[in-house]
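Trainee: In full-length UniProt numbering, the protein residues as written are 1 to 387.
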Amino acid sequence: MSVFDELAAHAELEFPHGRMLPLETYRSEAVLAAERAAIFASGWTCVGRTADLASPGDHLVAEVPSGDPSVPADGHRSVIVVRDEHGGLVAHDNVCIHRGARLLEGCGNVARITCPYHAWTFRLDGSLIGAPYMSEPGSDARALRPEEHRLGPIRSEEWEGFVFVSLDPDAPALAPRLAGLRDVLAPYRLDGYVPVHQQVDVWQTNWKLLVENFMDAYHVFKVHKATFGVNGDHTLDTVMHPGTDHWAHHVVVEADGDDIAHPDNTTLEGDWRKTIVLAAVFPTHVMQVQPDWLWYLQISPLGTDRVRIRWDVSVAPEVLAGAGDRDAYVADLLALLHAVNAEDQPVIEAVRRNADGPQFARGPLSYLERNVFDFDRFVARALTSRP
Ligand code: FES
Ligand SMILES: [Fe+2]
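Quick look at the structure:
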């Protein structure tokens, strides 16, 4: 039986019979190729936050997992996302249409996009302004008509303070798919959270193991006893919600805890003031949303056993404003999240190594692994062409 036959059977599983995906799903190059074609070619990838692109000319360069394994950087395509002169968000291939130079690096602010190779210059909307020395003096035989040239357009969408792109011009719009998740997150008003940190890490594991781990409410009491659990085990405060075909979430309402919302936060009421949401937007975006801060990861494969993780921490504006020493607050928060990562990394790298070994009997899932099941079902359905 091929791994795809096994995945077809997995796609039909009901949650009470749930278990982890077949091990080959985590180690097979054929499965990774199928994921690129069925998941990444048309998926939406979070590339940053609206707050990163506040003013005209603000831009960022994102490495977006692609359906084409032949593109550079292990199947990642470089994309420019920029706030244009009219306040809209636009995205372009980060490749010059003249002879293929890379146009921009990193993030910053530009009035226009000028290629570093031969100085073709583009407006923020991607249209060509002009190109030097294209006609021989005294001749107009090869005159360039700028209006006929523009950078390759990429789909982009802003949603709840996040910026997403899709490499598929025909991908269904993102927001309608996420309407139910928007209802969950709207009370936090995430678009006002202030980015304070961003970094990229590479771990030696399969990308799916990291998505599963982030959405796994079962391991927290054990793996994160010294960090998230240092003031007590909140496992029994966790409420699991069945996922959809596009997203999943669960919440932790800290029953005995104090509010984690700042007193100056007057929009969150009741239990929302101490509710933490763990959510995934399939395939690659996971986030921990709190009244005081937001942590999100963009997770993409560099191979079957290497994953690229771009993660970002943002803080509620009233928390930053009220912190006596803002730098110290941020440093403490980052120390916590680095410690959490250090707890997870060896566990899920070992799971990936064990996926190379003999098949073991995959055990039943806890009710706390409901969102792991939801994500795995999404993968199994996508790889076996189920709706
Ligand atoms: S490659 Fe960009 S101007 Fe030539
Ligand atoms: Fe964890």
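From the three backbone atoms N, C-alpha and C, an ideal C-beta is built for every residue, glycine too.
This one's a predicted model, so the numbers in the text were calculated from it and none came from an experiment.
Quick test of the definition: if touching needs 3 or more C-beta pairs under 8 Å, does the segment 292 to 306 touch the segment 215 to 222?
Mentor: Taking 8 Å as the limit for Cβ pairs, the verdict is that the segment 215 to 222 does not touch the segment 292 to 306.
Trainee: Start and end of the beta strand (DSSP E) containing Asp93?
Mentor: As a working mapping, residue 93 is identified with position 93 in the sequence shown. Start and end: 89 to 93.
Trainee: Would you call Ser66 buried or exposed, if buried means 16 or more other Cβ atoms sit within 10 Å of its Cβ?
Mentor: The residue labelled residue 66 in the question sits at position 66 within the sequence shown. It is buried - the Cβ of Ser66 has at least 16 other Cβ atoms within 10 Å.
Trainee: If we count the other Cβ atoms within 10 Å of its Cβ and call it buried at 16 or more, is Pro387 buried or exposed?
Mentor: Residue 387 sits at position 387 when you count from the first residue of the sequence shown. Confidence in Pro387 is poor, its pLDDT being 47 and thus under 50, which makes the residue's placement unreliable; the coordinate value appears in the next sentence. The residue in question, Pro387, is exposed, as its Cβ has fewer than 16 Cβ neighbours within 10 Å.
Trainee: Gly322 lies in the alpha helix (DSSP H); which residues open and close that run?
Mentor: Counted from its first residue, the sequence shown places residue 322 at position 322. Where Gly322 is concerned, the enclosing alpha helix (DSSP H) stretches over 317 to 322.
Trainee: Given a threshold of 16 other Cβ atoms within 10 Å of its Cβ, counted over all protein chains shown, does Gln288 qualify as buried or as exposed?
Mentor: Stepping through the sequence shown from its first residue, residue 288 is reached at position 288. With 16 or more Cβ atoms within 10 Å of its Cβ, Gln288 is classed as buried.
Trainee: Do three or more CB pairs link the segment 358 to 371 to the segment 18 to 29 at distances below 8 Å?
Mentor: These segments touch.
Trainee: With distances taken between CB atoms, is the gap from residue 420 to Leu210 smaller than 8 Å?
Mentor: Any property of residue 420 remains undetermined from this structure, which presents the chain solely from 1 to 387.
Trainee: Exposed or buried, Gly100, counting other C-beta atoms within 10 Å across all chains shown (16 or more means buried)?
Mentor: As a first step, residue 100 is located in the sequence shown; it is residue number 100 there, counting from the start. It is exposed - the Cβ of Gly100 has fewer than 16 other Cβ atoms within 10 Å.
Trainee: Buried or exposed for Ile129, going by 16 or more other Cβ atoms inside 10 Å?
Mentor: Translated into the one-based positions of the sequence shown, residue 129 becomes position 129. Looking at its Cβ environment, which holds fewer than 16 other Cβ atoms inside 10 Å, Ile129 is exposed.
Trainee: Cβ atoms of His262 and Gly180: under 8 Å apart, would you say?
Mentor: For the purposes of this step, residue 180 is identified with residue 180 of the sequence shown, where counting begins at 1. For the purposes of this step, residue 262 is identified with residue 262 of the sequence shown, where counting begins at 1. Against a cut-off of 8 Å, the Cβ pair of His262 and Gly180 comes out as no contact.
Trainee: Relative to ligand 1, is the shortest distance from any of its heavy atoms to the C-beta of Ala119 smaller than 7 Å?
Mentor: Taking the first residue of the sequence shown as 1, we reach residue 119 at position 119. Because some heavy atom of ligand 1 lies under 7 Å away, the Cβ of Ala119 counts as near it: yes.
Trainee: Three or more C-beta pairs under 8 Å: does that hold for the segment 50 to 57 against the segment 80 to 90?
Mentor: A contact exists between the segment 50 to 57 and the segment 80 to 90.
Trainee: With a Cβ-Cβ cutoff of 8 Å, do Arg155 and His246 count as a contact?
Mentor: On the sequence shown, residue 155 is found 155 positions in, with the first residue counted as 1. On the sequence shown, residue 246 is found 246 positions in, with the first residue counted as 1. No, they are not a contact pair.
Trainee: Restricting to Cα atoms, I'd like to know which of Ala37, Arg102, Gly161, Gly75 is closest to Val61.
Mentor: Residue 61 sits at position 61 when you count from the first residue of the sequence shown. It is Arg102 whose Cα lies nearest to the Cα of Val61.
Trainee: Does the beta-carbon of Arg377 have 16 or more other beta-carbons within 10 angstroms, so that it is buried, or is it exposed?
Mentor: Within the sequence shown, residue 377 is the residue found at index 377, counting from 1. Burial call: buried.
Trainee: Which residue or residues does DSSP assign as beta-bridge partners of Pro291?
Mentor: If you number the sequence shown from 1, residue 291 lands on position 291. Answer is none; Pro291 lacks a bridge partner.
Trainee: List in chain order: all unbroken beta strand (DSSP E) runs of 3+ residues lying wholly within the segment 178 to 205.
Mentor: Counting whole runs of 3 or more residues, the segment 178 to 205 contains the beta strand (DSSP E) stretches 194 to 203.
Trainee: Alpha carbon to alpha carbon, how far is Gly357 from Leu89? Give it in angstroms, no decimals.
Mentor: Here residue 89 refers to the residue found at position 89 when the sequence shown is read from its first residue. Here residue 357 refers to the residue found at position 357 when the sequence shown is read from its first residue. C-alpha separation (whole angstroms): 46 Å.
Trainee: Do Val31 and Leu337 count as a contact pair if the criterion is CB distance below 8 Å?
Mentor: Position 337 of the sequence shown, counted from the first residue, corresponds to residue 337. Position 31 of the sequence shown, counted from the first residue, corresponds to residue 31. Cβ atoms of Leu337 and Val31: not closer than 8 Å.
Trainee: Identify every residue that forms a DSSP beta bridge with Cys46.
Mentor: Here the question's residue 46 lines up with position 46 in the sequence shown. Phe164.
Trainee: Three-state secondary structure (DSSP) at Asn109?
Mentor: As a working mapping, residue 109 is identified with position 109 in the sequence shown. Three-state result, Asn109: strand.
Trainee: Within the same chain, show all residues whose beta-carbon is closer than 8 Å to that of Tyr329, passing over the 5 residues directly before and after it, in chain order.
Mentor: Your numbering for residue 329 matches position 329 in the sequence shown. Val315, Val319, Leu320, Ala323, listed in sequence order.
Trainee: With DSSP run on the structure shown, which of helix, strand or coil describes Ile39?
Mentor: Indexing the sequence shown from 1 puts residue 39 at position 39. In the structure shown, Ile39 sits in a helix (DSSP, three-state: H, G or I).
Trainee: Of all the options Ala37, Gly43, Glu160, Ala141, which has the alpha carbon lying nearest to the alpha carbon of Ala186?
Mentor: For this step, residue 186 is matched to residue 186 along the sequence shown. Nearest C-alpha to Ala186: Glu160.
Trainee: How long is the line joining the alpha carbons of His250 and Phe228, rounded to whole angstroms?
Mentor: The residue given as residue 250 occupies position 250 in the sequence shown. The residue given as residue 228 occupies position 228 in the sequence shown. One C-alpha to the other measures close to 16 Å.
Trainee: Looking at the secondary structure, which residues open and close the alpha helix (DSSP H) in which Trp207 lies?
Mentor: Working through the sequence shown from its first residue, we reach residue 207 at position 207. Run containing Trp207: 207 to 214, per the alpha helix (DSSP H) assignment.
Trainee: Look at the alpha carbon of Val95 and the alpha carbon of Arg36, and state the distance between them as a whole number of angstroms.
Mentor: On the sequence shown, residue 95 is found 95 positions in, with the first residue counted as 1. On the sequence shown, residue 36 is found 36 positions in, with the first residue counted as 1. So the two alpha carbons sit approximately 21 Å from each other.
Trainee: Once DSSP output is grouped into helix, strand and coil, what is the label at His241?
Mentor: Position 241 of the sequence shown, counting from 1, holds the residue named residue 241. Three-state DSSP puts His241 in a strand.
Trainee: Spatial neighbours of Ala339 within its chain, please: CB distance less than 6 Å, with the 5 preceding and 5 following residues excluded, ordered by chain position.
Mentor: On the sequence shown, position 339 is the one that residue 339 refers to. If we look at Ala339 and ignore the five residues flanking it on each side, its Cβ neighbours are Thr227.
Trainee: Could you tell me which residues DSSP puts in a beta bridge with Trp247?
Mentor: Along the sequence shown, read from residue 1 onward, the residue named residue 247 stands at position 247. Note: Trp247 sits in a beta bridge opposite Val281.
Trainee: Using only the alpha-carbon positions, how far apart do Phe15 and Met240 sit?
Mentor: To locate residue 15, count along the sequence shown from 1; it is residue 15. To locate residue 240, count along the sequence shown from 1; it is residue 240. Taking the straight line from one Cα to the other gives about 12 Å.
Trainee: Could you check if Gly100 belongs to the surroundings of ligand 1, using beta carbon to heavy atom distance under 7 Å?
Mentor: Working through the sequence shown from its first residue, we reach residue 100 at position 100. Checking the Cβ of Gly100 against ligand 1 gives yes.
Trainee: What residue range is occupied by the uninterrupted beta strand (DSSP E) comprising Asp58?
Mentor: Within the sequence shown, numbered from 1, the residue matching residue 58 stands at position 58. Its beta strand (DSSP E) spans residues 58 to 65.
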